[in-house]
Every structure is written in structure tokens, then in C-alpha cells.
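Residue numbers (the numbering used here): 60 to 357.
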């Protein structure tokens, strides 16, 4: 029995849609790693560093020997796009040479990663094989972003997503339902919808904020006025969010394991249908199937 060709520094994370992709670590951890809601890269072994080119090249070579076909590659860890454009182009060229069947390369992307990258650079990366960037918007409200220590603003996220679209890359945006608690729920929902309207992402998904290791770290930054939303409160917030969305052709998913209510559609075509589902869950508890508590997770 052969061992897997890549030695990962655990834990390793990737978007649900990259389940069948080869996960290639080009960095370790997250270069920001200060968001108080996120526990993904807080372990000592996940301290941020860019991996050595020789190590990445070795992993690519081993994977090429081990697998007959690799159509998709996800560049890990938390924000591979922090690497210089020159270095990313080298990696994409090495992947293309190693995997003749390669169709798509993707990566997580912090908005801050694109502050110094031009649209022309992103277009060059697209031409080299980069296809999708997963952007954690979390919220479009500046007060919420400040309280969670995201290190981003409405404008920094807008700028990054605009560059992605102008470069012809695909954007997949993630939003956290319940992130503002009861105190900031309304402004979180409306400001986030407004930012989505401004940027028109290709994909949009919602997750429910959760704290498997406890809320202490989050509360220390947010403030003592954080009151978690009830299940009903989460539904009311997602309804407000949907009501304010004016999207032209965005694939919407609220089917992550953290969600109670599964929603799928294309916005704006399916906006009325999705709102009907949410209203039914609010007005007639039990009328809409919900994910059981024991089935929920990250």
C-alpha cells in the first residue's frame, strides 16, 4: 500500500466544492489569522509561512507519479494568493506541465491579498490556469468587520471582488449568518446584501457562525453585547438578507452543514421561491425540513 504523495500539516481545510480536487499546500496557515470567529489555523503547527519552491515542486512531482489524472487542484492553505504573482505563475506552470488533464486551479483569497495585485496580473493568472477564488466576505458591515477583527472593510472587499470580475476570474463568496448577533443583525444583513449587489459574485453561500471551541475569544473582541441568534433569529436574518439582494445571475447556496435550513437557487430568478421557503420555516415551524442539531457542523 502506497502512502499519499503529499505530507500535509494538519488540519487541512478546503471548500466543500473542492472535495474531489488535489489539495496542494503552497503556504501553511493564514497570513492574517486574527479573525476572532475563525479557529481554522490557530494551532502552533499552522503558523503562517510560504512553502519552499522545491518542496512544492516535489509534491507536484510525487502527485503526478501517483495519479493518472488530476483535473482540479486547490491551492492551500488559507490564502495562497498572498504569494507574489511571479511565484503563483511558476506554480501554475508546473501544475500544467505535470497534469495534462488539469482544467481548473482554485484558492482561498483574502481581499487584502489583492490590494497590490492589478487586474492585469489577475488576468495573467487566469490565462495560466487559475479559475476560482473563494472569498470570505463574512459581512459587508464595517462595524461587524471591526468587531470580529477581520482586517477588512466594505471597500476593501468591494475592490477585491471588482478586480476578480474585471480579470475574468470566478468568485465564490462566503457570508456568515448570525455574525452580528442580535445587536447588529439588521445592519449585518442589509450591508452584506448591499455589498453583494455591488459586486455581483458568481457564487454566494451562507454559513452559520459557530464556536466549537467556545465563544470566549470571539466575545473578547465583539463586546459583551453579543447575543447569539436563535434558530428563528437566523431565519429572520436570512430573510432580510434575501429581501435586499438584487443579483442578476448568482448561484446561491445555503446548504453547508452549519445551516439548519437548506436553500438552493439562482438569484435573482429564484428569489421569490427562496423567500417562500424561509417564510414557511418562520411562520409554520415543522412545515419545512430542517437539518437536525446532531447533523450540523463545520
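Beta carbons: idealized from backbone N, C-alpha and C, even for Gly.
C-beta atoms of residue i and residue j nearer than 9 angstroms
i           : j           : result
residue 110 : residue 132 : no
residue 248 : residue 297 : yes
residue 244 : residue 181 : no
residue 179 : residue 226 : yes
residue 206 : residue 270 : no
residue 318 : residue 268 : no
residue 254 : residue 213 : yes
residue 228 : residue 190 : yes
residue 192 : residue 218 : no
residue 176 : residue 222 : yes
residue 201 : residue 250 : yes
residue 275 : residue 341 : no
residue 312 : residue 263 : yes
residue 306 : residue 326 : yes
residue 238 : residue 96  : yes
residue 141 : residue 76  : no
Distance, residue j Cα to residue i Cα
i           : j           : result
residue 184 : residue 174 : 15 angstroms
residue 261 : residue 308 : 7 angstroms
residue 240 : residue 273 : 15 angstroms
residue 78  : residue 121 : 20 angstroms
residue 60  : residue 66  : Interpretation of residue 60 is limited by its pLDDT of 40, a score under 50 that renders its predicted location unreliable; the figure taken from the coordinates is listed afterwards. Each residue's Cα considered, the two are about 16 angstroms apart.
residue 71  : residue 286 : 31 angstroms
residue 80  : residue 130 : 7 angstroms
residue 242 : residue 321 : 25 angstroms
residue 278 : residue 128 : 46 angstroms
residue 167 : residue 284 : 31 angstroms
residue 108 : residue 339 : 48 angstroms
residue 157 : residue 169 : 28 angstroms
residue 203 : residue 161 : 39 angstroms
residue 220 : residue 230 : 7 angstroms
residue 14  : residue 316 : Here the chain comprises residues numbered 60 to 357, so residue 14 is not present and cannot be evaluated.
residue 74  : residue 343 : 33 angstroms
residue 334 : residue 124 : 49 angstroms
residue 68  : residue 82  : 12 angstroms
residue 93  : residue 159 : 38 angstroms
residue 143 : residue 115 : 15 angstroms
residue 112 : residue 99  : 24 angstroms
residue 246 : residue 352 : 27 angstroms
residue 259 : residue 291 : 28 angstroms
residue 324 : residue 186 : 30 angstroms
Residue environment, residue i, which counts as buried when at least 16 other CB atoms sit within 10 Å
i           : result
residue 336 : buried
residue 63  : exposed
residue 265 : buried
residue 105 : buried
residue 216 : buried
residue 172 : buried
residue 145 : exposed
residue 252 : buried
residue 126 : exposed
residue 211 : buried
Min CB distance residue i to chain C below 9 angstroms
i           : result
residue 191 : Absent here is chain C; the protein component of the structure consists of one chain.
| query | So, do the region 228-238 and the region 184-198 have three or more beta carbon pairs nearer to each other than 8 angstroms? | reply | Taking a cut-off of 8 angstroms on C-beta distances, the region 228-238 touches the region 184-198, as three or more cross pairs fall below it.
| message | For the structure I just gave you, are there three or more beta carbon pairs, one from the region 318-337 and one from the region 289-304, closer than 8 angstroms? | response | Note that the region 318-337 touches the region 289-304; at least 3 beta-carbon pairs, one per stretch, sit closer than 8 angstroms.
| Counting Cβ pairs closer than 8 angstroms, one from the region 76-92 and one from the region 130-147, do we hit at least three? | Yes, since at least three Cβ pairs between the region 76-92 and the region 130-147 fall closer than 8 angstroms, the two stretches touch.
| Can you list the alpha helix (DSSP H) stretches of 4 or more residues lying completely in the region 180-230, in chain order? | Listed in chain order, the complete alpha helix (DSSP H) runs (minimum 4 residues) inside the region 180-230 are 201-206, 213-225.
| query | Does the pairing of the region 113-128 with the region 139-158 give three or more beta-carbon distances under 8 angstroms? | reply | At 8 angstroms Cβ cutoff, the stretches touch.
| Segments assigned alpha helix (DSSP H), at least 4 residues, entirely inside the region 274-346 | List check, alpha helix (DSSP H) in window: 275-281, 290-303, 330-342.
| Hey, which unbroken runs of the alpha helix (DSSP H) at 4 residues or more fall wholly within the region 107-179? | Correct list: 112-125, 144-157.
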